[in-house]
Structures are given as structure tokens and as C-alpha cells.
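Protein chains: 2
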Amino acid sequence: MPPAKFDREQVLRSAMNTFVQKGYSKTSMQDLTKSTGLHPGSIYCAFENKRGLLLAALAQYKQDSELKFEGHFSQEVAVLDSLKQYLDAIVLDCADKEGNKACLLTRALTEIADQDVEIKSVISDSLYDWQKAFQNQFEMAIEAKELSSECDISHMSRYLSMGIYGLRTFAQTNTTQAVLQELADQLFNDIKRLTLSH
Amino acid sequence: MPPAKFDREQVLRSAMNTFVQKGYSKTSMQDLTKSTGLHPGSIYCAFENKRGLLLAALAQYKQDSELKFEGHFSQEVAVLDSLKQYLDAIVLDCADKEGNKACLLTRALTEIADQDVEIKSVISDSLYDWQKAFQNQFEMAIEAKELSSECDISHMSRYLSMGIYGLRTFAQTNTTQAVLQELADQLFNDIKRLTLSH
DNA sequence: CTATATCTTGAATAAACATTCAAAATATAC
DNA sequence: GTATATTTTGAATGTTTATTCAAGATATAG
């Protein structure tokens, strides 16, 4: 009984890319067989169907994002410094990327939201976890006396999420890295101000 | 030679709704014949094809948006007061609406961007005009000595656009009107601060 | 080496889709 | 009232789509 011959993570990353670039609906099975190198039957054997492959890709995306997140936010560095770096990385990501600047989660959420309740809630949960990850960092900074305990950290993390959504959408209209950087810096300043107003 | 029997604007508004709700790809011709009440042939006669109908709907959406915009920003009221009302209206729109909270322009931009250069540039132009409309309002406020002439009005209008993109995306994840209002208020405060820092 | 359970292959299938078209309807022009 | 140009109609068309499946390949177990 042979185990799957293909590298699951690699296949999921290829699928992820195709889904982000073309969108779920416009991604045909043919696109997926091309990008993953798998034959239709193999995909159906491993992931049940196109929807199952999307769900698996979403899970992989979440895992990859969390690793990236942890890479940026370490305990040794001040939260605000880590946040600045995190935002700068998003700016670079948007400026570098040729195709679609959206993240898989928001793109799929907007596209599928009202046609598939389960997928909607999977994505909403992931986005909420991401927002909570910011909040945790702020929380830890308060415990380390780095931020005032008066900070409304849930408001801050929501506003931060909103800002990043906006930044990525703004990046869709042809714009320069300099402009994106200005916007990211402004967002950073506004978050920073929320930590200082006590 | 009979003119078209149907009401063009009404047809386009129906098509607009269907496109926003289901997305361009997932909107079938059958969906469109149902929502517009037109038979396939009539749609092809009047708009050439599905893509043509989208382009016409985008143009109608732009016109409708501009009317709404002018309804909010009148010369008699202070810009910041008008802006507050404008943002509050967006919050209400997101809270009321059952289905998709995105605006047609951003939704179609994210979906189609890299598969149709012409549509991408039509939408980008519309979004840029919208951003410029904010900038014009700020400009007029400077001329009326209502705002300092030191204000970086293009930066302000870009940041405002970004914030609204973010707000609408945030609204896609199930959230309450109260939370959206907090975010809109925060955005308003941050824009306001940009007018005062001189 | 043989048996077996699993995976791979890719052509076949059936449904959904955008689009076409010829016939019928209809409003204006003269 | 007749002619004419345009729109409306909806069934037919051909393509694209996700999905299936039976035959073949392959790695482990005994």
C-alpha cells in the first residue's frame, strides 16, 4: 500500500497560488492539474473535490501565515517595532507581487461568503484568529509594562486588521511602493497613538 | 423602429445587484435573465455579451455613486461633518445589507483584475475618481479657509479610501454595527487629526 | 516473491454554461 | 395602412466544466 507519491504541502501551496491568482470560480480543474502536477483522479482521491482542495489550501495558508507571524513577533523586540516590520513586509509583498495582491482568506471570503456557509465560517475563524494574534501581542506587551494597561487592545487589533485589509485592496489599483509605504506608515502611527493616549 | 422596451437603468441596477451578490464568474446568464427580466437574446442585442453588461453596470454604478456622493457633500456644510455622515452611511449600508458587503468596484477589481486589462483600468479609473472627489472636497475646504493649506490632501484622501476599503472588508466577517461604527469613528478621528496637525 | 491494499492515470460522462439565430412581434415613418 | 427597421423570443448549439471510473502501477507486508 503505497503512500501518496506527491508532497502534500507543495501541492497545497501550488493550489493556494492558483486560487489567489485566478479566484476559486475561475480556477478550473485543468488549471489545478497543471499547477499541482496531479491528475484529476489523484486530486479527487486526496481531497474529495475542488472544494475540498480549497479547504485544505486554506488550512495550509493559515499554518504558513502563523509561522510568518511568529517570525515577526518575538518576545525580545518591542511590539511596536515588530509591528512596523510586519507592516513593511506587507508593503513589500504587495509591491513585489505581479498578480493579485489580496490574501487568500479575504479573496475567498468575498468570493464565496454567501454561497457556502461552512467555508465562510472557516475563513472568518481564521481571520479572527489572526486578529486575536495581534491582540495577544498587545496583551503580552501590557504584561511586560511596555504598553499602558489602559489600552483598548481589542479595538486596536480590529483597527489594525481593517487597515491591512484596506492596504491590500488599495494595492490592487496600480500604485507605487512609495504610496503603499506612506499608507502603512500612517496606519502604524495611528495604532501607535492608540497606545500613547493614556 | 421600436426603441428598447425595457428601462435601461432598472435593468442595469438589477444586473449590478446580481454581480455584487454572486460575483461576475458565478453569475450565470440564467441568473441575469431572471434578475433583469430580459431574455438572453435581448441582453446580447443591447449589451453584446455578459462582459458588456458588466461594463454597462459598472458605468451605472459609477453614476449612482457620484450622485450619492454629491448628496452627502454640499458646500454649506463643513467637510468634516459631511465626511462623518458619509462614513456613518457606509456603516449603515454594511450593517443593513444581508449578503455581500463589498462595493461592486472593489469586488470586480479583485475578481477580474488580472484576466481583463480593460475592465481593470475602467475600475481603477473609477476608484481613482472617487478618491479624487474626496480630495476635491478637501481642496475646496482649504480655499474656504476651513482647513489649513498645509494639509496633505492627497495623502488624506488616499488614507480615507484605504480605510473605507478596509471597513467594507472587515464587515464581511460577521460583525456588529457597533463594532463597525467604532472603526469608522476611529478612521474619522485619524483623518481629522491629519487636518489639525498644522 | 507473491499478495494486497492503495494510489495513479486519463479518457469518458453528464451537467452547466455563454452564445447564436431565425422567426415573431412591434413601434415608428411615410 | 403599409413598409421598415429594430427588438423580442426561447429553443438550439457547441464549448467548458467538475467529476467519475475502471484499468494499470506501485510500494509495503508476510
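Each protein sequence line maps, in turn, to chains A and B. FYI, our numbering numbers position 182 of the first sequence as 182, with every residue one higher than the one before it. FYI, our numbering numbers position 176 of the second sequence as 176, with every residue one higher than the one before it. We treat Cβ as the ideally placed atom computed from N, Cα and C, and that holds for glycine.
Which residues of the region 82 to 100 of chain B have a Cβ closer than 7 Å to any Cβ of chain A? Give them in chain order.
G99, N100
Report the residue from A:Q21, A:L147, A:E70, A:Q10 whose alpha carbon sits nearest the alpha carbon of A:T214.
One cannot answer for residue 214 of chain A here, as it falls past the ends of chain A, which runs 1 to 198.
Would you identify the three-state DSSP class for A:Q186, choosing helix, strand or coil?
Here residue 186 of chain A refers to the residue found at position 186 of the first sequence. DSSP places A:Q186 in helix when its eight states are reduced to three.
When you compare the region 95 to 114 of chain B with the region 157 to 173 of chain A, are there three or more beta-carbon pairs, one atom per stretch, that lie closer than 8 Å?
Enough Cβ pairs lie closer than 8 Å, so yes.
Nearest chain B C-beta to A:D190 closer than 7 Å, yes or no?
Here residue 190 of chain A corresponds to residue number 190 of the first sequence, with the count starting at 1. Yes - at least one Cβ of chain B is within 7 Å of the one on A:D190.
Exposure label - B:M29; buried when at least 16 CB within 10 Å:
Stepping through the second sequence from its first residue, residue 29 of chain B is reached at position 29. Classification for B:M29: exposed.
At a Cβ threshold of 7 Å, is A:F134 touching chain B?
Counted from its first residue, the first sequence places residue 134 of chain A at position 134. False, the Cβ-Cβ gap to chain B never drops below 7 Å.
Which residues bound the alpha helix (DSSP H) around A:C45?
Within the first sequence, numbered from 1, the residue matching residue 45 of chain A stands at position 45. It spans 40 to 47 - the alpha helix (DSSP H) in which A:C45 sits, taken as one unbroken run.
Have a look at B:D190 and A:A15 and give me their C-alpha separation to the nearest angstrom.
Residue 190 of chain B sits at position 190 when you count from the first residue of the second sequence. Residue 15 of chain A sits at position 15 when you count from the first residue of the first sequence. Straight-line Cα distance between these residues: approximately 39 Å.
By how many angstroms is the C-alpha of B:Q115 removed from the C-alpha of B:L38?
The residue given as residue 38 of chain B occupies position 38 in the second sequence. The residue given as residue 115 of chain B occupies position 115 in the second sequence. If you take the alpha carbons of B:L38 and B:Q115, they lie about 27 Å apart.
For B:F69, I'd like the list of residues in its chain whose CB is within less than 7 Å of its CB, leaving aside the five on either flank, ordered along the chain.
Here residue 69 of chain B is taken as the residue at index 69 of the second sequence, counted from 1. Same-chain partners within the cutoff: A133.
Under 7 Å, CB to CB, which of the residues in the region 170 to 181 of chain B have a partner in chain A?
F170, Q172, T173, N174, V179
Starting from B:S14, trace the alpha helix (DSSP H) both ways and give me its first and last residue.
Counting from 1 along the second sequence, the entry for residue 14 of chain B is found at position 14. Looking at the DSSP string, the run of the alpha helix (DSSP H) that includes B:S14 is 8 to 22.
Return the CA-CA distance between A:S148 and B:V79, expressed in angstroms with no decimal places.
Numbered from its first residue, the first sequence carries residue 148 of chain A at position 148. Numbered from its first residue, the second sequence carries residue 79 of chain B at position 79. Spanning the two alpha carbons is a distance of roughly 34 Å.
Say whether chain A places a C-beta atom closer than 7 Å to the C-beta of B:Y165.
Against the second sequence, residue 165 of chain B aligns to sequence position 165. Chain A, which has a Cβ nearer than 7 Å to the Cβ of B:Y165, makes this yes.
Below 7 Å CB to CB, which residues in the same chain sit around B:G99 once its five sequence neighbours on both sides are set aside?
Position 99 of the second sequence, counted from the start, is the residue given in the question as residue 99 of chain B. Excluding residues up to 5 positions away in sequence, Q21 lie with their Cβ nearer than 7 Å to the Cβ of B:G99 in the same chain.
Within 7 Å, strictly: CB atoms of B:Q137 and B:S161
Residue 137 of chain B sits at position 137 when you count from the first residue of the second sequence. Residue 161 of chain B sits at position 161 when you count from the first residue of the second sequence. Not closer than 7 Å, so no.
If the cut is a Cβ gap below 7 Å, which residues of chain A does B:R202 touch?
In the structure displayed, chain B extends from 1 to 198; residue 202 of chain B sits before or after that span and is not available.
Three-state secondary structure (DSSP) at A:S199?
The structure shown does not extend to residue 199 of chain A, since chain A spans only 1 to 198, so no value can be given for it.
Got a sec? Which residues, its chain only, sit under 8 Å from B:L104 by beta carbon, not counting five neighbours each side?
Position 104 of the second sequence, counted from the first residue, corresponds to residue 104 of chain B. So the list reads M16, F19, V20, A57, L58, Y61, once near-sequence residues are dropped.
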